[in-house]
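Here it is, written out as structure tokens:
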């Protein structure tokens, strides 16, 4: 099996990891955590979401976070943006990358964005055009690609149509999401084999949740097909709203362990990430730690 | 990628899952749990260990467990046996399969069995011969195949030599163990490619621990090479003594989810296994649940 020599991990913890957290993480702790992450070697950190504070109160301090963090040269600070109003807010505080989002499932899109997929695309197009005018990078999240809590399996053809529409907007990258963590390695391989006959792999990121413990197996399947960009959250934050208490995004430190031990470079500092993971876990008083954080914590009495 | 159509899961929870548990599981609860497992469709359940109660107090009731469980037709009830004395005890209560054990690491073997590898083999040979005389199935666990807490990486050639010695004894099956959960999918693929040039795949089981979250990725790697027998513990019991609190054996229900969703048959009843997993988790007051048990428990108020 041929594996890539180098992989890019995009840290989405401060946005996707936090957006469903019940416990409020203080702005100063968010800022401290992001500053720690900046020192870990990431080239992209998604720092917050410029949606309405009513939708996601956990991220209502997006502007302050964007203003207070120390910007490190070479790091792209990204943020989620739902519409033109969100774009203006994000541009106002100098975010480097604008991430739009939609669902591959009509029902999930309707529940999440209150629009049909066809009505969502023009909104995204306007945001992407506006971002490009300001020379920002652009990314689109497509959620529920591998399964939807309402519709079950999603037709791969529907996802390809969405891919067509997004690349028509000249989007820089699409992140394909297993939002509720139901994908398996065979499905990932089947789907991506189809995807790469239509679109360049280099413009595709994979976003796996570990709800059923399959995130690393799914990433391994994608690696063997030559995909090299993966989203992850330090500490495995980002629990699924459909399964409270369950595992969230694949933990950055767990993904790192796998990649580094397979001889794949990431440019990331494992120890620094474990420290950032321990920091945010402690602030959130998390009991369910990521695998590698559990191992790391074993000998550390300071953690409580 | 070609995947097998059918896979055998051997349930090792009542032995490997419990042996490091600090909390005592009452004999009647062990028996109730094993009886539930018998109804799940397993063809093999490892019920206990006939080592000295001083070594493993959690399993000191091996004889009572073996006597009290209901034996279901078609199910092989297996037990761990360290030596001739253990064999006599196991035979006395009518165990169907005798499992011997040793380590691929000289240091780990010395610490665990207080003998060198070369001094261990004749002890195992005597047990295997005695078991075969009584028409029992035989299995050998080789631990720390993919890494040792004392020696680090283990030379694959050393493992092959141990394989030679064990198959010389005409052992029915060797279970290759990632005892401390450090293996990665590339390593698994590299090692098994070598292994299968020397020994029949059909006589090899894989035994993965999920310490770093890689058990399912490793099993997927083995599946793609055509391996079809895997050890697992309901609820993911079996924490590592070198990382207290960390994940244990791959959880039977997590493995099942992956296999069934990839269209691979196991003959096992997912719901019955989740119920058995919930039962034992509750008895042990476990806080760190398996991935699929977390999802299963989400809507169940009865669990506490």
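Chains as they are written, first to last, in this note's numbering: chain A, 934 to 1237; chain B, 934 to 1237. All C-beta atoms in this analysis are idealised placements derived from N, C-alpha and C, irrespective of residue type, glycine included. Remember, predicted model here, so these are calculated numbers, not experimental data.
For the stretch 1097-1122 of chain B, the set of residues with a beta-carbon nearer than 9 Å to any beta-carbon of chain A comprises 1114, 1115, 1116, 1117, 1118, 1119, 1120 and 1122, in chain order.
For residue 1139 of chain B, the enclosing beta strand (DSSP E) has its first and last residue at 1137-1141. The stretch 1187-1195 of chain A and the stretch 969-983 of chain A do not touch, with fewer than 3 CB-CB distances between them shorter than 8 Å. By the Cβ criterion, the stretch 1128-1139 of chain B is not in contact with the stretch 1122-1136 of chain A, since fewer than three pairs of Cβ atoms, one from each stretch, lie closer than 8 Å.
Put simply, the CB of residue 940 of chain B is far from chain A, with every gap to its CB atoms at 7 Å or more. Per DSSP, the continuous beta strand (DSSP E) segment holding residue 1033 of chain B begins and ends at 1030-1036.
Among the residues of chain A, those whose CB is under 7 Å from the CB of residue 1146 of chain B are 1149, 1187 and 1224, following chain order.
Looking at the backbone, the Cα of residue 1151 of chain A and that of residue 1141 of chain A are separated by about 8 Å.
For residue 1129 of chain B, the closest Cβ of chain A is not nearer than 7 Å. Judged by DSSP secondary structure, residue 1074 of chain B falls within the beta strand (DSSP E) whose first and last residues are 1070-1076.
Residue pairing of residue 1181 of chain A in beta bridges, as defined by DSSP: absent, with no partner found. Here DSSP, grouped into helix, strand and coil, assigns residue 1104 of chain A to coil.
Using a Cβ-Cβ cut-off of 7 Å, residue 1180 of chain B counts as an interface residue toward chain A, since at least one Cβ of chain A sits closer than that to its own. Think of a sphere of 7 Å around the beta carbon of residue 1221 of chain B: the chain A residues whose beta carbon falls inside it are 1221, in chain order.
One Cα belongs to residue 1135 of chain B, the other to residue 1108 of chain B, and the distance between them is close to 11 Å.
Residues of chain B whose Cβ lies closer than 7 Å to the Cβ of residue 1190 of chain A are, in chain order, 1145. The three-state reading of DSSP puts residue 1215 of chain A in helix, counting H, G and I together. When rounded, the separation of the alpha-carbon atoms in residue 1084 of chain A and residue 1049 of chain B is 58 Å. Residue 1164 of chain A: not part of any alpha helix (DSSP H); member of the beta strand (DSSP E) spanning 1162-1165, first to last residue.
Under a 10 Å Cβ-count criterion, residue 1017 of chain A is classified as exposed, with fewer than 16 other Cβ atoms of the shown protein chains found around its own Cβ. When only Cα atoms are considered, residue 1179 of chain A and residue 1184 of chain B end up about 15 Å apart.
For residue 1140 of chain B, the closest Cβ of chain A is not nearer than 7 Å. Neighbours of residue 1228 of chain B across chain A, judged by C-beta separation under 8 Å: 1144, 1145, 1176 and 1179. Residues of the stretch 1188-1213 of chain A with a Cβ closer than 8 Å to any Cβ of chain B, in chain order: 1190, 1191, 1194, 1195 and 1196. Taking each of B/960, B/1074 and B/1006 in turn and checking the Cα distance to residue 999 of chain B, the smallest one comes out for B/960.
Burial is judged here by how many other beta carbons sit within 10 angstroms of a residue's own beta carbon; residue 1145 of chain A has at least 16 and is buried. DSSP places residue 1053 of chain B inside the alpha helix (DSSP H), whose first and last residues are 1050-1066.
Cβ atoms of residue 1022 of chain A and residue 992 of chain A stay farther apart than 8 Å, at about 12 Å.
Restricted to the stretch 956-1030 of chain A, the beta strand (DSSP E) segments that are unbroken, complete and at least 3 residues in length are 977-982 and 1009-1013, listed in chain order. Contact of residue 936 of chain A with chain B by beta-carbon distance below 7 Å involves 1119.
With respect to the 7 Å criterion, residue 1010 of chain B and residue 1026 of chain B are not classified as neighbours on the basis of their beta carbons. Distance check between residue 1159 of chain A and each of A/1187, A/1182, A/1101 and A/1139 places A/1139 closest, using alpha-carbon atoms only. Legend: CB atoms of the stretch 1013-1029 of chain B lying less than 7 Å from CB atoms of chain A are not found in any residue. When 8 Å is used as the limit between beta carbons, residue 1153 of chain A is near these residues of chain B: 1118, 1150, 1153 and 1154, in chain order. Membership of residue 944 of chain B in the beta strand (DSSP E) is indicated by the continuous run 941-944.
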